[in-house]
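S.K.: In the working numbering, the protein residues as written are 1 to 210.
Could you have a look at this structure, given as structure tokens, before my questions?
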Amino acid sequence: MKKIFLLSAFALMLFIGNAQNITLPSPNKQGGQDVLHSIDMRYSHRNFKDGDISLQDLSTVLWAGFGESSSGKRTAPTARNMQDIDLYVFLESGVYLWNYKENVLELIAKGDYRKETDNPNGFACNVTNIAIVSDLDKYSSVKNNEAMVVYGAMSSAYVSENMYLAVCGAMPHLGTVTRNGAYREKAVRDIMKLKPSQRLFLFQTIGIKK
């Protein structure tokens, strides 16, 4: 009986520990414009309503950015196929690391830190922001710091463009823009609990159009 109680208590602790994670709905992989029309429609948008995008839209954008395709490959290429990219999501409820295998947002920091990503009067303070982060340790065999940064930047740009095309080609109610880094770089890195080798290259800001 005591053993059953301990197992039940342990299971409850695990549940409580993961209770603030967010399981996303399956991404929408159908519909939208064809690729060339999506490219033609692509543009940067900076005029948003306050509020995060829906979890359904977020799931689709994350999958398009760096998810897993039906063939088992990632949806965006990376330099030397090192798959160095992690996506962190800034929502009103907290900061999350996206687990693409489980399609789960894993809580990193509870609370609204979206304002930390932009200047105090910026357009990105009250909408969804996806941080595109490269772990440059994946390129340690290169032995050239400048090349490592170039590779990380390349991978980040591929992911960003995929998210652009998903929004512009399949989600006409949304707008998006890529921003370089963070307004408060050190504070944001601390919030995200990044390792020294992890480089925050871009923010993909996504919101509902006004």
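Every residue, glycine too, gets a C-beta built ideally from N, C-alpha and C.
Using three-state DSSP, classify arginine 199 as helix, strand or coil.
M.R.: Three-state DSSP puts arginine 199 in a strand.
S.K.: Three or more C-beta pairs closer than 8 Å, one from the region 198-205 and one from the region 121-130: is that the case here?
M.R.: The region 198-205 vs the region 121-130: in contact.
S.K.: Nearest by alpha-carbon distance to arginine 179: which of Asp52, Leu97, Tyr100 and Val133 is it?
M.R.: When each option's Cα is compared against that of arginine 179, the closest is Val133.
S.K.: Applying the criterion that 16 or more other CB atoms from any shown protein chain within 10 Å of the CB defines a buried residue, is asparagine 162 buried or exposed?
M.R.: So asparagine 162 counts as buried.
S.K.: By DSSP's criteria, arginine 179 is part of a beta bridge. Which residues make up the other side?
M.R.: Paired residue(s): Phe203.
S.K.: For threonine 117, does the count of other Cβ atoms within 10 angstroms reach 16, so buried, or fall short, so exposed?
M.R.: Buried, by the Cβ-count rule.
S.K.: Applying the criterion that 16 or more other CB atoms from any shown protein chain within 10 Å of the CB defines a buried residue, is phenylalanine 90 buried or exposed?
M.R.: Label assigned to phenylalanine 90: buried.
S.K.: Which residues mark the beginning and the end of the beta strand (DSSP E) in which glutamate 106 is found?
M.R.: Where glutamate 106 is concerned, the enclosing beta strand (DSSP E) stretches over 104-110.
S.K.: Which runs of the beta strand (DSSP E), 3 residues or longer, sit entirely within the region 68-98?
M.R.: List check, beta strand (DSSP E) in window: 85-91.
S.K.: Residue range of the beta strand (DSSP E) that threonine 128 falls in?
M.R.: Note, threonine 128: beta strand (DSSP E), 128-135.
S.K.: Return helix, strand or coil for leucine 174, following the three-state DSSP convention.
M.R.: Leucine 174 falls in the strand class under three-state DSSP.
S.K.: For a test of your reading of the model: does the CB of methionine 148 fall under 7 Å from any non-hydrogen atom of the ligand MN? Yes or no.
M.R.: Of the ligands one can find in the structure shown there are none, so the ligand MN has no counterpart to examine.
S.K.: If contacts are defined as beta-carbon pairs under 8 Å, then alanine 109 and isoleucine 191 qualify, I think. What distance do you get, rounded to the angstrom?
M.R.: At roughly 5 Å, the Cβ-Cβ gap stays under 8 Å, so alanine 109 and isoleucine 191 are in contact.
S.K.: What is the DSSP secondary structure of serine 53, reduced to helix, strand or coil?
M.R.: The sequence as given places isoleucine at residue 53; serine does not occur at that position. Three-state result, isoleucine 53: coil.
S.K.: Helix, strand or coil, according to DSSP, for lysine 186 in the structure here?
M.R.: DSSP places lysine 186 in helix when its eight states are reduced to three.
S.K.: Using the C-alpha atoms, what's the distance from glycine 175 back to glycine 122?
M.R.: Spanning the two alpha carbons is a distance of roughly 15 Å.
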